[in-house]
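The sequence shown runs 1 to 349 under UniProt numbering. Backbone N, C-alpha and C fix where the C-beta goes; we use that ideal spot for every residue, glycine too. Quantities reported herein were computed from a predicted structural model and do not represent experimental measurements. Comments concern the structure below.
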Amino acid sequence: MTVTVRPLDDATYLRLAGGAMVPLEQAPAWDGFDRAVPGRTPWRRLGFFDGDDALALVSLTEMRGRGFRYLWAKHGPVWLVEATAERERAVREALVAAVRRADRALVFVRLHARHRAPELRELLQTVTYDRTVVLDLRPEEEEILAGMKKRGRRDVRKALRDESMVAGEETGLTREQFRELYQLLVETGGRDGFGISPEDVYWTMLTTLGPEHCRLFVTRREGRALAWGLVTVNGAFATYYYAASNAEGRRSGAADLLVWHMATALRATGVQTFDLMGIDSDRAPQLRGVRDFKTKFSEEIVDVDGAWDVPVHRAWYGALVAALAAKRTAVRAARELPGRARGLLRRRG
């Protein structure tokens, strides 16, 4: 198979996509967010062809790390035909060759793939996922509720009976109002042990994507925020992108009420599928903590294409891997020092 690469303008890109499911991150609407975040720049959109037949499309963002640059096709490529192992390999080879011709200083391309291959490397940094939970919002509300696990139905009904809690959409909130919500995210990150971005990133996401593509929902009790969720939307597809809750919210089932309200509100505006965005797998054991919560809303777990790094500049990429491994070793050693010092003092005492 000989694959050719062609640059595409937005109109041609969307025309070729036709009825394909285009993730928001692969749509032109995402560009404004990338332009507004320091260290990111929309790079270009490409089409991959076998003769005159379009195989796949991709939107690439240039990312700037500390001393290196790479391309990120988040939730791409968008496949227009079946993504066989042969086609994936041919598209990657054509993409790497095109990137080398365009800019030899780009170290690697990060993209998604269905089939494992020798040239695919585990991510240099960050966590991917290859399993998720997707709610089908096409049935009636009672059918959606009936499709949940017994525990999910019980928790949603219990939350609905608690009249002290109210869930609603707050997409048009002010920056000052969002500042309150950000504190819940700070608490969530500290409690669950994951890093969060500066407040500006989430606010910029809301404002640049706009209410058509980015919506915010909050559960409150007597005016106090207990839990919130940020949802991205592209046509009939929505994704539960960020979530936060405080201790009171966790005790009271605020997140259960929130998920149900988001699902019904999204359904009312034409959304058909609601992706709860990732659970654990062999590649992502770090996500084990969210599995019980997300899977209670659906009996089905969906396999999705995980992200991988594809080196463009192999030697440079290898040096980055080695440097990052050395940094992680040093951090682990530094964390262990206090314990070792205490043990030494006890032995001397």
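Which partner residues does residue i have in the DSSP bridge list?
i, result
"Y70", "M63"
"V109", "L71, V310"
"M165", "R221"
"G76", "According to DSSP, which records beta bridges pairwise, G76 is partnered with nothing at all."
"T232", "C214, T239"
"V58", "L46"
What residue does the alpha helix (DSSP H) around residue i start on, and which one ends it?
i, result
"R89", "85-102"
"M205", "199-213"
"G189", "175-192"
"L135", "First-last for L135: 134-136, but that is the beta strand (DSSP E), not the alpha helix (DSSP H)."
"I144", "141-146"
"A36", "31-36"
Starting from residue i, follow the beta strand (DSSP E) in both directions and report where the run begins and ends.
i, result
"F237", "237-245"
"R44", "40-50"
"R15", "Taken as a continuous stretch (DSSP letters only), R15 belongs to no beta strand (DSSP E), being part of the alpha helix (DSSP H) at 10-17."
"V6", "Sequence check: residue 6 is Arg here, not Val. Here the beta strand (DSSP E) through R6 covers 4-7."
Taking the alpha carbon of residue i as the reference point, which residue from the options has its own alpha carbon closest?
i, options, result
"T232", "D275, E199, D200, D256", "D275"
"E163", "V259, R220, W30, E82", "R220"
"L24", "G47, A56, G76", "G76"
"A97", "L226, V3, L266, A236", "V3"
"A255", "S59, L230, W43", "L230"
"K180", "A225, V107, K158", "A quick correction: the sequence has Glu, not Lys, at residue 180. When each option's Cα is compared against that of E180, the closest is A225."
"R161", "W30, T126, F293, L257", "L257"
"D130", "R283, A333, A322", "R283"
"F115", "K150, E140, T84", "Contrary to the premise, residue 115 reads as His rather than Phe in this sequence. When each option's Cα is compared against that of H115, the closest is T84."
"T188", "L216, L206, A227", "A227"
"Q215", "G190, D192, G168, N246", "Note that residue 215 is Arg in the sequence shown here, rather than Gln. Comparing Cα positions, the closest option is G168."
"D31", "G147, L209, N246, V271", "L209"
"F194", "F217, L287, D50", "L287"
"G235", "D9, L14, A36, W43", "L14"
Let me confirm a value: residue i is counted as buried when at least 16 other C-beta atoms fall within 10 Å, else exposed. Which label applies?
i, result
"S298", "buried"
"M1", "exposed"
"R64", "exposed"
"G318", "exposed"
"D53", "exposed"
"G152", "buried"
"S59", "buried"
"A238", "buried"
"T61", "buried"
"R104", "exposed"
"T269", "exposed"
"S197", "exposed"
"D200", "exposed"
"D155", "buried"
"P285", "exposed"
"K158", "exposed"
"L324", "exposed"
"T39", "In the sequence as displayed, the identity of residue 39 is Gly instead of Thr. Answer is exposed; the Cβ neighbour count stays below 16."
"A27", "buried"
Where are the alpha helix (DSSP H) runs, 4 residues long or more, that stay fully inside the segment 259-342, in chain order?
288-295
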